[in-house]
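Undergrad: Residue numbers (the numbering used here): 6 to 248.
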Ligand code: NAP
């Protein structure tokens with residue numbers, strides 16, 4: 006039986022695992038373990054880091070893995086490079102499954118930056134009440150910004166101490182354009198901060214920002230030395246079947 010490791014933590018990874026399982030493939034999904042109650046994919050699941058590239062290479066060999074699909078989030082850089090190194094060592098084929106980035110549409114006021122630190126630096130010239138939707142990691146970049154209030158949305162409470170001018174909203178998407186527009190209007194948000202995560206599940210906030218005439222600070226994806234890349238789970242399954 007073919008065993009495939011799917012490095013996950015994304016909706017594409019869950020869709021891919023379900024489709025692989027429906028073809029009778031032994032799929033093992035791997036999650037980092039950052040979220041206490043993760044949405045679990047079909048098939049087998051393992052949780053927690055591998056201990057770097059060497060640990061992952063060992064895992065691949067010990068578990069008789071035939072192929073790896075790196076379907077992690079576009080901003081999860083370390084596991085991506087770990088997968089590249091480990092699959093070389095273990096001589097296992099690797100495919101990257103990655104949703105495309107967002108495309109700016111007419112009327113959208115996007116300001117591209119390369120990091121959360123640059124996003125924070127851009128805020129004072131754009132607004133006074135920022136909606137931060139970049140996840141719970143790296144939020145320390147937004148502390149200590151004079152004259153800026155923050156509405157920070159994440160799935161679980163951030164580790165960083167955000168100070169008195171920050172309100173934390175714990176919730177998990179997907180969100181609709183209507184609910185995003187209502188939230189931003191109700192809170193008096195005047196600038197949105199997001200990563201270029203791509204996909205449809207969180208695009209609603211960008212449409213809502215356009216409709217409300219808000220500026221958006223958008224963090225570019227880190228460069229990845231990607232192996233062969235596909236953009237939808239069906240293509241990843243066809244790649245496995247052709248191995
Ligand atoms: P990261 O910086 O690339 O990874 C840090 C370490 O966490 C890795 O070196 C690895 O530990 C472990 N790890 C990460 N993903 C793993 C996986 N799928 N299975 C097993 N171990 C994993 O990743 P991150 O940005 O912290 O993201 C962690 C997870 O959350 C990813 O799986 C990603 O798909 C998901 N996620 C991330 C974001 C984001 O914005 N970064 C958003 C949504 C979902 P070892 O070196 O010990 O193997």
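Just so you know, even glycine gets a beta-carbon here, dropped at the ideal spot from N, CA and C.
In three-state DSSP terms, what is residue 47?
TA: Counting from 1 along the chain shown, the entry for residue 47 is found at position 42. Coil at residue 47, not helix or strand.
Undergrad: Residue 194: buried (16+ other C-beta within 10 angstroms of its C-beta) or exposed?
TA: In the chain shown, the residue the question calls residue 194 occupies position 189. It counts as buried.
Undergrad: Would residue 12 and residue 77 qualify as a contact pair, given that the criterion is a beta-carbon distance under 7 Å?
TA: Along the chain shown, one-based indexing puts residue 12 at 7. Along the chain shown, one-based indexing puts residue 77 at 72. Yes. Within cutoff.
Undergrad: How many Å lie between residue 17 and residue 84 at the Cα?
TA: In the chain shown, residue 17 corresponds to position 12, counting from 1. In the chain shown, residue 84 corresponds to position 79, counting from 1. Cα to Cα, the separation comes out at about 16 Å.
Undergrad: Could you tell me whether any non-hydrogen atom of the ligand NAP is closer than 6 Å to the CB of residue 78?
TA: Position 73 of the chain shown, counted from the start, is the residue given in the question as residue 78. Yes, the beta carbon of residue 78 sits closer than 6 Å to at least one heavy atom of the ligand NAP.
Undergrad: Please report the distance separating the alpha-carbon of residue 73 from that of residue 217.
TA: The sequence position of residue 73 within the chain shown is 68, counting from 1. The sequence position of residue 217 within the chain shown is 212, counting from 1. Distance between the alpha carbons of residue 73 and residue 217 is about 42 Å.
Undergrad: Return the chain-ordered list of same chain residues with a C-beta closer than 6 Å to the C-beta of residue 146, the five sequence neighbours on each side being excluded.
TA: Position 141 of the chain shown, counted from the first residue, corresponds to residue 146. Closer than 6 Å at the Cβ level, and outside the excluded window around residue 146, lie 121, 122, 125.
Undergrad: Can you confirm whether the stretch 235–244 touches the stretch 204–217 when touching is taken to mean that 3 or more C-beta pairs between the two stretches lie within less than 8 Å?
TA: Touching, no.
Undergrad: Inspect the beta-carbon positions of residue 155 and residue 220 and report whether they are closer than 7 Å.
TA: Counting from 1 along the chain shown, the entry for residue 155 is found at position 150. Counting from 1 along the chain shown, the entry for residue 220 is found at position 215. Not closer than 7 Å, so no.
Undergrad: Do residue 127 and residue 116 have their beta-carbon atoms positioned less than 7 Å apart in this structure?
TA: Walking along the chain shown from the start, residue 116 turns up at place 111. Walking along the chain shown from the start, residue 127 turns up at place 122. Their beta carbons are under 7 Å apart, which means residue 116 touches residue 127 by this criterion.
Undergrad: Between the alpha carbons of residue 107 and residue 207, how many angstroms are there, rounded?
TA: For the purposes of this step, residue 107 is identified with residue 102 of the chain shown, where counting begins at 1. For the purposes of this step, residue 207 is identified with residue 202 of the chain shown, where counting begins at 1. About 10 Å.
Undergrad: Rounded C-beta distance between residue 23 and residue 47? I'm assuming under 8 Å.
TA: The residue labelled residue 23 in the question sits at position 18 within the chain shown. The residue labelled residue 47 in the question sits at position 42 within the chain shown. About 5 Å separates the two Cβ atoms, so the contact holds.
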